[in-house]
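A.B. asks: The opening position of the sequence shown corresponds to residue 124 in the working numbering, with each subsequent residue numbered one higher. Note that beta-carbon positions come from the ideal geometry of N, C-alpha and C, so glycine has one too. Small disclaimer: the values here were computed from a predicted structure and weren't measured. Sharing a structure here in structure tokens format.
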Amino acid sequence: MKNLFIFMSRTVFLVLITGIIALSSANIAFSGTPRTYDIQMFETDQYNKGPVSSSVFFFDSKPYVEDYTNITLDVIYSNAEIILPRVSFITIAVNNIPLASREVNSRNPDTASFKVTIPKDKLLPGFNEIKIVSILRTSDDPCKDIYNNACWLRILKSSTMHIEAVLNNNYPLYYYPYPYIDTYMKNPIQASVFLPQKPSTNEIENVLKLISDWGIGSPFGNFNFKVSTDATGVPGKQIKVGDITKLGTDGFGVSEGNGLVKREGGPDRDPILFVSGKGTEGLNKSVSALTNTGMVNQMDSTVSIITKFPNVTNTNKKSTKAGLFTLNQLGFPQIVLAGIFNQRKAFIFRRPLNYDISNDSYIKVNYYHSEVMNPRMSILVIYINGVPVGSAALNETNAKGGSFTVKIPDSELDKNEWSIEFSAYHEIGGIKDINCDHWYDELTWTVVEGTSELYLSPGNYSAPPSLKNIPFAITDNGLSSDPIVFWLPAKMTDAHLTLAGLLAAKSGQANHQLTGYRVVVGETLDDSLKKSSTIVMLAYQNEGARWNTLKDKLPVTPQGQGYAVDKNFNTINNELATSSAILQACVNPWNSKGVIYSIMVDNDNTVNTVNNILINRESFMKLNGPLCLVKKDGRIVEVSPARSMFKNVEKTTNVKLWYFLVGAVLILALLLIIFRRKIFRQK
124 MKNLFIFMSR TVFLVLITGI IALSSANIAF SGTPRTYDIQ MFETDQYNKG
174 PVSSSVFFFD SKPYVEDYTN ITLDVIYSNA EIILPRVSFI TIAVNNIPLA
224 SREVNSRNPD TASFKVTIPK DKLLPGFNEI KIVSILRTSD DPCKDIYNNA
274 CWLRILKSST MHIEAVLNNN YPLYYYPYPY IDTYMKNPIQ ASVFLPQKPS
324 TNEIENVLKL ISDWGIGSPF GNFNFKVSTD ATGVPGKQIK VGDITKLGTD
374 GFGVSEGNGL VKREGGPDRD PILFVSGKGT EGLNKSVSAL TNTGMVNQMD
424 STVSIITKFP NVTNTNKKST KAGLFTLNQL GFPQIVLAGI FNQRKAFIFR
474 RPLNYDISND SYIKVNYYHS EVMNPRMSIL VIYINGVPVG SAALNETNAK
524 GGSFTVKIPD SELDKNEWSI EFSAYHEIGG IKDINCDHWY DELTWTVVEG
574 TSELYLSPGN YSAPPSLKNI PFAITDNGLS SDPIVFWLPA KMTDAHLTLA
624 GLLAAKSGQA NHQLTGYRVV VGETLDDSLK KSSTIVMLAY QNEGARWNTL
674 KDKLPVTPQG QGYAVDKNFN TINNELATSS AILQACVNPW NSKGVIYSIM
724 VDNDNTVNTV NNILINRESF MKLNGPLCLV KKDGRIVEVS PARSMFKNVE
774 KTTNVKLWYF LVGAVLILAL LLIIFRRKIF RQK
């Protein structure tokens with residue numbers, strides 16, 4: 124009996140202990156850091172037009188989120204006052220699963236809020252499609268609303284996705300770039316970046332490469348961070364980059380030429396990421412590893428010693444010849460135009476750096492389409508900068524595959540960028556046979572293939588270098604300049620380092636390619652780097668020796684106590700006295716296919732003013748053209764030349780016409796001479 128009692132007591136005790144452990148496990152299953160986000164869903168207002176249309180937002184479910192405790196969409200919208208209630212609706216779907224619908228009608232005030240909670244079991248790992256679908260009518264016949272400009276619903280850019288989540292606070296290295304980069308935030312960079320005191324050019328170059336990679340990963344992020352050489356008293360997350368002997372931390376006995384990536388701190392204090400190594404090669408290996416997803420995924424602890432460079436296959440596709448680009452190369456393996464009636468898709472293509480083209484430039488469109496469409500009423504049209512330039516009927520002869528080529532109009536050849544739009548009109552019968560509440564996207568579709576070409580034939584049509592998306596660096600072979608050169612002043616400050624870092628982030632966003640960086644400090648630019656396709660020059664106004672190297676290329680250069688101004692920009696003379704910074708883009712005097720971006724400042728405070736422009740997306744988008752002035756009150760003034768600074772365009776067609784006219788005149792003169800001689804002989 125006693126043994127039975129002991130056995131029962133032990134059993135009960137074990138059950139209790141197991142229960143306590145289970146409860147404890149349940150309580151700490153999501154023991155990370157609670158965090159709340161309000162994600163802006165759209166950069167600009169979205170418009171749903173016509174009887175059936177939709178807007179799409181993609182949400183990325185992150186691996187470092189332990190649990191999504193609350194996800195709520197707040198869709199702010201307005202609509203035309205003539206929209207009919209009871210037959211007009213808005214629906215929100217996640218991964219094609221409808222979650223909620225509501226009626227759309229005339230509203231006062233003119234905006235309404237539609238809040239929908241997303242169950243976390245509807246989310247998939249990785250990207251999730253959130254679609255806002257509208258069915259709108261202004262009459263009993265929806266077909267009357269197909270091209271009715273008064274049939275619309277506007278989704279405001281203030282619409283948000285509210286997230287309450289529990290985040291992993293152990294910060295293993297394979298979560299990099301999290302927690303230093305948090306793409307749920309409007310400002311994704313959540314860390315300060317530090318270099319050693321008196322950093323080497325190689326250390327600065329590696330910081331720029333690391334930050335540029337962040338820009339590639341956050342193409343629409345508003346970056347706000349500082350690069351400094353003094354971490355004393357700076358709170359928050361930190362990233363320290365430099366030789367291990369300069370960072371004052373345990374080097375784990377790393378040997379010469381090897382890299383070291385390690386994390387200190389967390390979960391109770393802000394983490395510090397050390398990106399280092401012993402010697403130049405060691406640091407280079409660490410940064411190369413962190414810009415390679417495959418190597419990051421192998422870092423399964425808080426310390427990683429890097430003994431070799433990653434095996435990198437360049438995924439950036441080089442053109443087979445100068446000026447030739449395919450849609451595949453531009454990131455469009457297919458452009459799908461699906462649905463009844465008019466379907467449009469467009470993209471912006473930027474002219475390669477300082478690349479002159481001819482009127483033999485063209486776009487070749489390869490396509491195929493559904494076989495059930497009405498061939499008499501179905502067509503594919505291509506627009507360049509809003510101008511229709513060519514089309515093809517969609518019929519049985521090209522359903523399995525067709526092709527047509529259109530030339531870029533002469534009027535558009537001197538532009539710095541082109542809007543390329545594909546527009547298809549699809550019909551499957553008479554209007555009486557159509558239910559206009561349906562898309563018919565399974566029946567009516569056209570696919571523009573990734574093999575389609577955009578060819579910029581070399582020639583004499585020029586466009587001035589532009590500050591837009593500074594430092595844009597794509598060359599005529601489709602690849603980014605390698606390296607991008609930063610030419611910094613000898614008296615370099617943390618403000619200059621921050622400015623260089625912000626520009627490196629913008630480079631990643633604009634060029635979408637990881638490239639190398641070279642840094643030069645002081646008055647002289649090495650001959651080996653002068654021919655680089657992209658040079659960014661940061662200089663004080665009083666650095667006369669540096670500005671003199673560009674005095675015949677830049678619109679404005681310092682001269683004595685004032686400025687030398689190109690005659691095509693002499694209207695700005697009165698503006699210069701009230702300007703604190705001058706940003707310019709010009710042809711590289713040492714490489715006719717290269718561009719130099721220059722930023723002239725009068726003091727360190729002005730450097731911070733320029734940094735604030737780069738931090739603010741709206742201000743940054745105002746930088747355009749070859750010259751911008753930053754006024755002392757913070758305004759940005761874009762200045763255009765009074766007339767073209769660039770060589771006159773000699774159009775091929777005009778040359779041919781000129782030769783024809785000269786030849787005709789010579790032949791006519793010869794005939795007159797022969798005729799006169801014949802008359803004289805007769806006399």
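Of the choices Gln632, Val459, Ser580 and Val188, whose alpha-carbon is the least far from that of Leu566?
C.D. replies: If we check each option's Cα against that of Leu566, Val459 comes out closest.
A.B. asks: Let's see if you can read the secondary structure: which residues bound the beta strand (DSSP E) around Asp197?
C.D. replies: It spans Val188 to Asn202 - the beta strand (DSSP E) in which Asp197 sits, taken as one unbroken run.
A.B. asks: Is the CB-CB distance between Ile502 and Val512 below 8 Å?
C.D. replies: No; because the gap between Cβ atoms is not below 8 Å, this pair is not in contact.
A.B. asks: Less than 8 Å between the beta carbons of Val419 and Val364, yes or no?
C.D. replies: Contact flag unset, no.
A.B. asks: Pick from Asp650, Tyr298 and Arg386: whose alpha carbon is nearest that of Asn714?
C.D. replies: Comparing Cα-Cα distances from Asn714 to each of Asp650, Tyr298 and Arg386, the minimum goes to Asp650.
A.B. asks: Kindly indicate which three-state DSSP category Trp541 falls into: helix, strand or coil?
C.D. replies: Three-state DSSP puts Trp541 in a strand.
A.B. asks: If we require 3 or more residues per run, which beta strand (DSSP E) segments fall completely within the segment 544-605?
C.D. replies: Listed in chain order, the complete beta strand (DSSP E) runs (minimum 3 residues) inside the segment 544-605 are 568-572 and 576-578.
A.B. asks: Verify whether the separation of the beta carbon atoms of Leu196 and Met308 is less than 8 Å.
C.D. replies: No, these two residues do not count as a Cβ contact at 8 Å.
A.B. asks: Which stretch, first to last residue, makes up the alpha helix (DSSP H) that contains Glu519?
C.D. replies: That residue, Glu519, is in no alpha helix (DSSP H); it is neither H nor E in DSSP.
A.B. asks: Locate the alpha helix (DSSP H) running through Val330, then write down its first and last residues.
C.D. replies: Run containing Val330: Thr324 to Gly340, per the alpha helix (DSSP H) assignment.
A.B. asks: Do the segment 692-703 and the segment 633-646 touch if we need at least three Cβ pairs shorter than 8 Å?
C.D. replies: In short, these stretches do not touch, since the Cβ pair count stays below three.
A.B. asks: Have a look at Tyr299, Leu611, Val659 and Trp670 and flag the residue whose alpha-carbon is nearest the alpha-carbon of Val410.
C.D. replies: Comparing Cα-Cα distances from Val410 to each of Tyr299, Leu611, Val659 and Trp670, the minimum goes to Tyr299.
A.B. asks: Relative to the C-alpha of Asn193, which candidate in Glu379, Val289, Asn521 and Met723 has its C-alpha closest?
C.D. replies: Looking at the Cα atoms, Val289 is the closest of the given residues.
A.B. asks: With respect to the beta strand (DSSP E) encompassing Lys363, which residues constitute its N-terminal and C-terminal limits?
C.D. replies: Here the beta strand (DSSP E) through Lys363 covers Lys360 to Asp366.
A.B. asks: Is DSSP giving Lys774 helix, strand or coil here?
C.D. replies: No answer about Lys774 holds up, because its pLDDT of 44 lies below 50 and its placement is not dependable.
A.B. asks: Taking buried to mean at least 16 other C-beta atoms within 10 Å of its own C-beta, is Asn310 buried or exposed?
C.D. replies: The residue in question, Asn310, is exposed, as its Cβ has fewer than 16 Cβ neighbours within 10 Å.
A.B. asks: Run the CB neighbour count on Ile790, radius 10 Å, all protein chains shown included, and call it buried at 16 or more, exposed below.
C.D. replies: With fewer than 16 Cβ atoms within 10 Å of its Cβ, Ile790 is classed as exposed.
A.B. asks: If we ignore side chains and look at the alpha-carbon of each, how far apart do Ala354 and His619 end up?
C.D. replies: So the alpha carbons of these two residues sit roughly 17 Å apart.
A.B. asks: Mind reading off the beta-carbon distance from Leu611 to Leu661? Whole number of angstroms is fine, and I expect it under 8 Å.
C.D. replies: Indeed, because the Cβ distance is near 6 Å, the residues count as touching under 8 Å.
A.B. asks: Taking the DSSP output, what are the residues bridged to Ala235?
C.D. replies: Answer is Tyr200.
A.B. asks: What span of residues does the beta strand (DSSP E) with Phe743 cover, start to end?
C.D. replies: Where Phe743 is concerned, there is no enclosing beta strand (DSSP E), although the alpha helix (DSSP H) it sits in stretches over Arg740 to Phe743.
A.B. asks: With respect to the beta strand (DSSP E) encompassing Met284, which residues constitute its N-terminal and C-terminal limits?
C.D. replies: Thr283 to Leu290 is the span of the beta strand (DSSP E), which, as asked, contains Met284.
A.B. asks: Look at the alpha carbon of Ser585 and the alpha carbon of Gly402, and state the distance between them as a whole number of angstroms.
C.D. replies: Approximately 45 Å between the Cα atoms of the pair.
A.B. asks: If you compare alpha carbons, which of Pro532, Arg669, Ser546 and Ile253 is closest to Ile719?
C.D. replies: Of Pro532, Arg669, Ser546 and Ile253, the residue nearest in Cα terms is Arg669.
A.B. asks: Counting pairs of Cβ atoms below 8 Å between the segment 178-186 and the segment 312-321, do you hit three or more?
C.D. replies: Not touching, per the Cβ criterion.
A.B. asks: With DSSP run on the structure shown, which of helix, strand or coil describes Ser224?
C.D. replies: Note: Ser224 maps to strand in three-state DSSP.
A.B. asks: Between the alpha carbons of Leu450 and Pro456, how many angstroms are there, rounded?
C.D. replies: Roughly 6 Å separates the two Cα atoms.
A.B. asks: Under the criterion of a Cβ to heavy atom distance below 7 Å, does Ile428 qualify as lining the ligand SAH?
C.D. replies: For the structure depicted, the ligand SAH is absent and the ligand set is empty, with no information on it obtainable.
A.B. asks: Tell me the rounded alpha-carbon separation between Asn415 and Ile607.
C.D. replies: Those two C-alpha atoms are separated by around 20 Å.
A.B. asks: Anyone know if the C-beta pair for Trp562 and Gly462 falls short of 8 Å?
C.D. replies: In contact: Trp562 and Gly462 (Cβ atoms closer than 8 Å).
A.B. asks: How far does the alpha helix (DSSP H) with His635 in it reach, from first residue to last?
C.D. replies: Neither: His635 is in no alpha helix (DSSP H) and is coded neither H nor E.
A.B. asks: Three or more C-beta pairs closer than 8 Å, one from the segment 265-284 and one from the segment 164-175: is that the case here?
C.D. replies: Touching, yes.
A.B. asks: With a CB to CB cut of under 6 Å and the five nearest residues on each side skipped, what residues in its chain are close to Leu146?
C.D. replies: Any answer about Leu146 is weak, because its pLDDT of 33 lies below 50 and its placement is not dependable; what the coordinates show is given next. Once the five neighbours on either side are set aside, Leu146 has no close Cβ partner at all.
A.B. asks: Can you find the residues in the same chain that come closer than 7 Å, C-beta to C-beta, to Val330, ignoring five residues on each side of it along the sequence?
C.D. replies: Excluding sequence neighbours, Val330 sits near Val316, Leu318, Val350, Val364 and Gly624.
A.B. asks: For Ser580, which residues in the same chain have their Cβ closer than 7 Å to its Cβ, ignoring the five residues on either side in sequence?
C.D. replies: Around Ser580: Gly446, Ile480, Ser481, Asp483 and Ser484.
A.B. asks: Taking only beta-carbon positions, decide if Asp483 is within less than 8 Å of chain C.
C.D. replies: The structure shown contains no chain C, having only a single protein chain.
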